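A quick write-up on the structure given underneath.
Chains as they are written, first to last, in my numbering: chain A, 1 to 292; chain B, 1 to 394.
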């Protein structure tokens, strides 16, 4: 699509080696690739293939053993610790599989955290954080702690946090790895919108082939190497279908929620657990049906 | 990061980890409280002893006598000379005579000290009963020993009684003695162990010719001027004594006592700081992931250091404030308890524990310093953590 523009992410000959005692683990072997503005790139591969390491190198969390990493023209390998910290808080937004929210703070302050380190005034950054929380549909949970929210909600807080400094590049490391499949679809839809509507460049790591259709380009990785790069036209219809299914499921779930709550109470089960059990059962049934 | 944000983070941390915060602050409170308690006890003991020895005016007082000299004179002219010394506020001469005291049937030997009425309070120790004399009232103050010799065991009963005195006055320039009779009313009684004397105003002896005073008391304008005034008078050849001499020795003794008490306090503080260091280190381990999160969203090493160090400082400060309050409160309660008992059994009320502003300020500085020192290493370590390693830490 935007092949002619200058790349926002550019890696040349990037190698990463870990020394585990006497053994050397080649996590990344001579990686070369670029990401252009507005692109949605998915890094796909089995666990241990080096895709997370690659993301961490781009995030400035892991220095490469060799090679050049340019983010919007700036070579990360020459930056000092505090310059790397600035890179993380100003140039990129990161979303992790583990959500990585601070348990001690409410979600508004969690979202505002990168702005705190940038030295933005408290009222300003909280205002912006609330705005973003409303955008990801958590407007009524401002004063909640992360532990009081579901996994999907926590991940949405993490996405809001990644967006708070308004970065052009979003890095996501298995963002759907810790949530149920219905929530995973919601999360993927948020990333899709961020790419389509807000024109953000996204680099997403996953091992789940179900989400490959979201990307403009899929990089297949194995044993520290990019073995295949496939560009694809994203089928808006397919994405739309997924979205509709999701909406339908959501509606169905909500309509049944009160009913399920009553049942859970009658059975003396935690309603939240009960919902999850029911969701799981429903999923198994659906899978069986599709196999038939 | 703005400095104020450090405190927002600290506030969240303290609130979400109340027990740990409570224990850490508690350790500092006990350490600082113990020092405040012990040092205030030392000060109180010192203050009480100093008060026992002398009033605060004694710190400006010089006792001048002729010593062994035969050439020097201690007469009205000398007194005038002393008055002219700039650093001296006032001079109180004292003339002493041998007397025979008679009350009713009883007669006994005693010593009469006659002083100017306005210096009566300074010359005579605290009265057990009655009042000091003035020029208007006249009268005498007797020692309790004399009172007993005259047959009054209960000193308050002698008040108002008439004492007849036969005063033996040396004639100037000779060894002869003139006997003079006078009658005085007893105005007050001084409690003594076994000293037999009585005080009368100089004005009552105006009709008596006597050559020299036995001693002179000079009051310096300020305690700081005492030493220089003393030198001036000594240079004139006179022998000078000061109650402040004894005071200096007492102060030295109490400095030792205070140091010993402070050592106990410091031991308590060392234990407290080890506890605090331990808690901060554990807290670091507990929050390793948090540090990873902060760093991954853009906190610099300095930010992390500032966050941890300021938490330690805040713990030190809060612990210090509460500790000073606690130390003071315990002392206050002890004081009150002692004074309630003292009042019940008719003793003197005392301040056994004294907390001054300088002690409080010193303790506050110490507690913040303690937070800083114990927090330095854990926060330095926190700041150096590798963000990825910290994120994976469970």
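Every residue, glycine too, gets a C-beta built ideally from N, C-alpha and C.
Keep in mind that this is a model prediction, so the values were computed, not measured.
At a cut-off of 8 Å between beta-carbon atoms, residue 291 of chain B makes no contact with chain A. For the segment 41-62 of chain A, the residues whose beta carbon sits under 7 Å from a beta carbon of chain B are, in order, 56, 61 and 62.
The Cβ of residue 13 of chain B sits closer than 8 Å to at least one Cβ of chain A. Listed along the chain, the chain A residues whose CB falls inside 9 Å of the CB of residue 1 of chain B are 116, 117, 118 and 119. Neighbours of residue 28 of chain A in chain B, taken as residues at a C-beta separation under 7 Å, are lacking, since the least C-beta distance is about 14 Å. Residues of the segment 171-185 of chain A with a C-beta atom less than 9 Å from some C-beta of chain B do not occur. Shown here for residue 88 of chain B: same chain residues with a beta carbon closer than 8 Å to its own, the five before and five after excluded, namely 82, 218, 219, 220, 221 and 229 in chain order. The continuous stretches of alpha helix (DSSP H) do not include residue 8 of chain A, and DSSP gives it neither H nor E.
The beta carbons of residue 291 of chain B and residue 390 of chain B sit about 5 Å from each other, so the pair counts as a contact at 8 Å. Using a Cβ-Cβ cut-off of 8 Å, residue 105 of chain A counts as an interface residue toward chain B, since at least one Cβ of chain B sits closer than that to its own. In the displayed model, residue 46 of chain A falls within coil according to three-state DSSP, outside both helix and strand.
Within the segment 163-201 of chain B, complete beta strand (DSSP E) segments of at least 3 residues are found at 177-190 and 198-201, given in chain order. Cβ contact annotation for residue 352 of chain B (same chain, cutoff 8 Å, sequence separation greater than five): 41, 44, 45, 48, 331, 334, 335 and 338, in chain order.
Counting of Cβ neighbours within 10 angstroms places residue 154 of chain B among the exposed residues, the total staying below 16. Considering only A/87, A/182 and A/169, the residue with the shortest C-alpha distance to residue 300 of chain B is A/87.
The Cβ of residue 258 of chain A sits no closer than 8 Å to any Cβ of chain B.
In the displayed model, residue 260 of chain A falls within a helix according to three-state DSSP.
The way I'd put it, the segment 184-197 of chain B does touch the segment 153-173 of chain B; three or more beta-carbon pairs between them come closer than 8 Å.
The continuous beta strand (DSSP E) containing residue 93 of chain A extends over residues 92-95.
For residue 220 of chain B, the pairing in a beta bridge is given by DSSP as B/88. The C-beta distance from residue 281 of chain B to residue 24 of chain B rounds to 11 Å, too long to meet the 8 Å contact threshold.
For residue 99 of chain A, no beta strand (DSSP E) run applies, since DSSP gives it neither H nor E.
When the Cα atoms are used, residue 286 of chain A and residue 213 of chain A turn out to be separated by approximately 21 Å. Contact with chain A is found for residue 298 of chain B, since one of that chain's Cβ atoms lies less than 8 Å from the residue's Cβ. In this structure, the CA atom of residue 269 of chain B is about 19 Å from the CA atom of residue 311 of chain B. Below 8 Å, too few C-beta pairs join the segment 191-202 of chain B and the segment 26-37 of chain B to call them touching: fewer than three. Residues of chain A whose Cβ lies closer than 8 Å to the Cβ of residue 379 of chain B do not exist; the shortest such Cβ separation is about 16 Å. Distance from the CA atom of residue 63 of chain A to the CA atom of residue 365 of chain B, rounded to whole angstroms, is 43 Å. Interface residue (Cβ-Cβ distance to chain B less than 8 Å): residue 129 of chain A is not classified as such. Considering only B/303, B/192, B/5 and B/295, the residue with the shortest C-alpha distance to residue 148 of chain B is B/192. Membership of residue 105 of chain A in any beta strand (DSSP E) is not indicated, and neither H nor E is assigned to it by DSSP. Within chain B, the residues whose beta carbon sits less than 7 Å from that of residue 102 of chain A are 290 and 293, listed in sequence order. When rounded, the separation of the alpha-carbon atoms in residue 263 of chain A and residue 275 of chain A is 10 Å. For residue 113 of chain B, DSSP records a beta bridge to B/96 and B/199.
Sequence-distant Cβ neighbours of residue 151 of chain A in its own chain, meaning closer than 8 Å and more than five residues away, are 99, 178, 179, 180 and 183.
Among the CB atoms of chain B, none fall inside 8 Å of the CB of residue 23 of chain A.
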